[in-house]
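Taking this note's numbering, I'd label the letters of the sequence shown as residues 9 to 374. The beta carbon of each residue, even a glycine, is placed where N, CA and C say it ideally should be.
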Amino acid sequence: MIPLCIPEVRSNEWKYIKECLDTNWVSSVGSYVNKFEEDFAKYVDARTAVVTMNGTAALELALRTLGVGEGDEVIVSSMTFISPVNTIKYVGAEPIFVDVCNDTWVMDADKIEELITPKTKAILPVHIYGHPADMDKIMKIAKKYNLYVIEDSTESLGSLYNGKATGTIGHIGCYSFNGNKLITTGAGGMLVTNDEKLGKKAKYLSTQTKTVLENGAFYHEQIGYNFRMPNIVAAMGCAQLENIDEYIEAKRNHFALYNSLLKDVKGITLPVEREGIKNVNWLYSIVVEEDYYLTRDELIAKLKKNGIESRPFFMAVHKMPPYVKCKHGTMDITEELENRGINLPSSVGLTKDDIKKICEIIKQEE
Ligand SMILES: Cc1ncc(COP(=O)(O)O)c(C=O)c1O
């Protein structure tokens, strides 16, 4: 089976994790925790990074750090993995769903303003499958209405927007190191910000708001959370980060080969890379149009029969039971894409022969 997206472990992971075991520094403080935060902040060029136990925790921490809560509304796309939407609910706020763009599949910035009310507190763009949302437009709207912007960059680590890493343009950016992500720690996440005060607050909230008094006792000024990542997990993150540029190059090469092999297939729409964007194509994805000879689900079944794992696009979150009553704008593109989009194998370790085989099966009409 050619899997959809599996981790790549190729260098110091064993060594750094063994060091944690050998020295007994396995828990939530330790040099790898600090190093992972520092190295990651440097890599994406953010002032502060706060490591968390997963990407969902990073998103919840972002909302709590910005004081989003009861009575607030947060504008988010419906074509997303459900995690960012759930975190809006965790903090007691309401998700308001906006449609996505037809070509990039991310939040349509031109449809945001019509959804803004006096309750709107934040915009949460999700850079789905790797392509960044239109951050210039989003930041302009945020400034006009005095809103926060939290970037869900869990799928776009390695993508650039006008030369800047996604996640560093809004007030806070969040990443995931789940097993299928560009770099992985098994499970893990990171929050980044260029606002030092927000960074300090995020770290404080994520560590149970713990202040150690002179006599060693713990004092807690407010309710905090345990969102910490253990040292043994951060050790893996440090090793993974050492290879990130190679991983990005591999993904970009896969993207180019897929595009060149599929460009003339009738009824298949390829992913785009808008001007000023470097798209990491975390999951290389295509859209199966009506004039393709199979439906999207028939293509998924055909690929599976040939030993290839693929996946439909995310189902629209505004139609999921917990969210059916939430407010949303027109959802034409989201509802079209959920039936037509398909993610193809995108592991860093995918070979050229794998991609040729996948494209051959997509091309062959049988
Ligand atoms: C768009 C998006 N947001 C958030 C998450 C949550 O990350 P995690 O699984 O690390 O909690 C994921 C993926 O897992 C995701 O794809």
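Buried versus exposed call for residue i [16 or more other C-beta atoms within 10 Å across all chains shown]
| i | result |
| --- | --- |
| residue 209 | buried |
| residue 262 | buried |
| residue 22 | exposed |
| residue 19 | exposed |
| residue 155 | buried |
| residue 306 | exposed |
| residue 231 | exposed |
| residue 170 | exposed |
| residue 301 | exposed |
Limits of the unbroken alpha helix (DSSP H) element including residue i
| i | result |
| --- | --- |
| residue 147 | 143-153 |
| residue 39 | 39-52 |
| residue 95 | 91-98 |
| residue 245 | 239-250 |
| residue 67 | 63-73 |
Separation of residue j from residue i, as counted between CA atoms
| i | j | result |
| --- | --- | --- |
| residue 57 | residue 247 | 17 Å |
| residue 386 | residue 77 | The displayed coordinates of the chain run from 9 to 374. Any statement about residue 386 would go beyond what the structure contains. |
| residue 257 | residue 362 | 17 Å |
| residue 179 | residue 371 | 44 Å |
| residue 239 | residue 259 | 28 Å |
| residue 89 | residue 113 | 13 Å |
| residue 128 | residue 349 | 30 Å |
| residue 338 | residue 121 | 13 Å |
| residue 35 | residue 132 | 32 Å |
| residue 204 | residue 108 | 32 Å |
| residue 343 | residue 134 | 17 Å |
Residue i beta carbon near ligand 3 (any heavy atom closer than 6 Å)
| i | result |
| --- | --- |
| residue 197 | Absence of ligand 3 is noted for the structure shown, with ligand 1 being the only ligands found. |
Terminal residues of the beta strand (DSSP E) in which residue i lies
| i | result |
| --- | --- |
| residue 228 | 226-228 |
| residue 182 | 180-184 |
| residue 129 | 128-132 |
| residue 156 | 156-160 |
Residue i vs residue j beta-carbon contact at 7 Å
| i | j | result |
| --- | --- | --- |
| residue 173 | residue 145 | no |
| residue 244 | residue 59 | no |
| residue 55 | residue 202 | yes |
| residue 182 | residue 270 | no |
| residue 354 | residue 291 | yes |
| residue 163 | residue 137 | yes |
| residue 176 | residue 52 | yes |
Beta-bridge pairing of residue i - partner residues as DSSP gives them
| i | result |
| --- | --- |
| residue 262 | Looking at the DSSP assignment, residue 262 forms no beta bridge with any residue, so it has no partner. |
| residue 336 | 105 |
| residue 309 | In DSSP, residue 309 forms no bridge with anything. |
| residue 215 | 234 |
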